[in-house]
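Note that the first sequence covers residues 115 to 379 in this note's numbering. Here the structure comes first, spelled out in structure tokens, and everything after it is commentary.
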Amino acid sequence: MLFNLRPPNNPVDLDLELTMESGQPPHFLWDHACGRHTRIINGEKAEIWMEKGRLRFTEGFGDYARELLRLDDDLDAICSKISTDRTMECAVESCAGLRITKNDPWETLVCFVCSINNNIPRIRKMVRSLMVDGEVMPPEDMAAKDLSGLKLGYRDKFLKGCAEKVIGYEFEKIGLMDYGEAWKELQTFPGVGPKVADCVLLFGFGFLEAFPVDVWVLKSMKRLYGAKNERDARGKAALMWGEYAGYAQQYLFQSERSGCLIPKG
DNA sequence: ATCCAGGGTCTTA
DNA sequence: TAAGACCATGGA
């Protein structure tokens with residue numbers, strides 16, 4: 115099976131490698147070898163790869179791939195809207211085909227609790243230590259299991275706390291709230307502050323207006339737009355990029371890390 | 001040895 | 001509301 119991307123056969127519409135390896139949940143949850151991305155979904159092996167400029171995936175995972183890669187997002191239109199100045203134009207150009215991914219909320223929460231004051235390679239190691247049979251262990255198992263010995267640092271108690279809170283809690287209801295309400299609600303979870311909440315809302319619940327401010331994005335927002343602090347960065351992002359601030363954030367994050375972000379023009 | 005990493009919590013002023 | 005100590009771990 116394959117998808118015709120919009121516009122059809124336009125390779126700029128999806129850079130699968132970049133998207134899957136850009137510090138989003140798939141970077142932590144999927145295996146990656148020989149240009150193929152693999153993991154277990156609902157007990158079955160799923161595989162995604164590019165072939166002759168077209169997206170391919172294991173039979174039966176078409177709907178999953180479409181949701182994961184947000185193939186219904188009009189990337190051209192979104193990139194136009196966030197290209198508010200020369201700097202953002204360059205960021206968008208240098209990361210052509212980078213898409214926001216939509217992941218399972220619980221797995222996303224686990225990923226970004228592990229991300230606290232941490233680096234991407236070690237986040238991946240931690241998340242994988244919390245996976246059983248290819249999937250992040252469900253809240254019930256995480257609440258019951260002894261996490262000491264997994265080298266999670268002080269994050270083990272946060273993960274335990276989140277697992278216990280999610281049990282008997284309609285986690286999906288957060289996706290039905292408006293952004294502001296959902297942002298505040300998520301921060302009642304142990305280990306979830308403003309940044310982790312925005313990551314879970316963006317990558318787990320699909321709120322494209324969420325703007326996670328980590329050290330890289332904060333550095334960009336200070337240098338490029340004179341942001342004074344984290345809160346100020348969020349405010350400026352909301353004003354400049356509004357409903358697509360999440361996409362702007364991912365292009366900023368990727369560009370800042372790869373060092374291809376020009377000062378400002 | 002010191003700094004840093006997709007930060008949060010808690011205390012203090 | 002804002003700043004600072006503290007938190008575990010491993011790589012640079």
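Note that the Cβ used here is the ideal one computed from N, Cα and C, for glycine as well. Note that this is a predicted model, so its numbers are computed, not measured.
Quick check: residue i and residue j, are their CB atoms within less than 8 Å of each other?
i      : j      : result
Glu397 : Pro308 : What is shown of the chain runs 115 to 379, which leaves residue 397 out entirely.
Glu254 : Ile154 : no
Leu322 : Ala311 : no
Ala362 : Ala347 : no
Leu366 : Ala205 : yes
Ala324 : Leu316 : yes
Ile214 : Gly360 : yes
Leu143 : Val241 : yes
Arg168 : Glu161 : no
Ile192 : Tyr358 : yes
Val314 : Phe272 : no
Ala257 : Glu278 : yes
His141 : Arg238 : yes
Trp330 : Ile196 : no
Does DSSP put residue i in a helix, in a strand, or in coil?
i      : result
Val224 : helix
Thr133 : helix
Ala147 : strand
Met245 : strand
Ile155 : strand
Pro122 : Model confidence at Pro122 stands at a pLDDT of 45, short of 50, so the residue's coordinates are unreliable and nothing is read from them.
Val250 : strand
Phe325 : coil
Ala341 : coil
Lys336 : helix
Val306 : coil
Lys350 : helix
Phe142 : helix
Cys313 : helix
Asp292 : coil
Lys298 : helix
Would you tell me roughly how many angstroms separate the C-alpha atoms of residue i and residue j, rounded to the nearest one?
i      : j      : result
Cys374 : Ser208 : 7 Å
Lys216 : Arg184 : 7 Å
Met202 : Leu212 : 14 Å
Asp177 : Lys342 : 42 Å
Tyr174 : Gln364 : The question names Tyr, but residue 174 is Gly in the sequence shown. Cα to Cα, the separation comes out at about 29 Å.
Pro121 : Met164 : Only weak support is given to the placement of Pro121: the predicted model assigns it a pLDDT of 48, under 50, and the value that follows is read from those uncertain coordinates. Straight-line Cα distance between these residues: approximately 16 Å.
Leu182 : Val224 : 17 Å
Met245 : Met251 : 5 Å
Ser136 : Asp129 : 11 Å
Gly379 : Asp145 : Caution applies to Gly379, whose pLDDT of 38 falls short of 50 and renders its modelled position unreliable; the model cannot decide the point.
Gln368 : Gly320 : 19 Å
How should residue i be labelled, buried or exposed, when 16 other C-beta atoms within 10 angstroms of its C-beta is the threshold for buried?
i      : result
Lys298 : exposed
Pro219 : buried
Arg236 : exposed
Ser194 : exposed
Thr222 : buried
Thr198 : exposed
Thr133 : buried
Arg200 : exposed
Report yes if the C-beta of residue i is less than 7 Å from at least one heavy atom of the ligand FMN; otherwise report no.
i      : result
Ala191 : Inclusion of the ligand FMN in the displayed structure is not the case, the ligand content being empty and no account of it being possible.
Review point. Can you list, in chain order, the stretches of the beta strand (DSSP E) that have 3 or more residues and sit fully within the region 158-238?
Key: 158-165 and 168-171
Check your understanding: Which runs of the alpha helix (DSSP H) spanning at least 4 residues fall entirely within the region 261-290, listed in chain order?
Key -> 269-280
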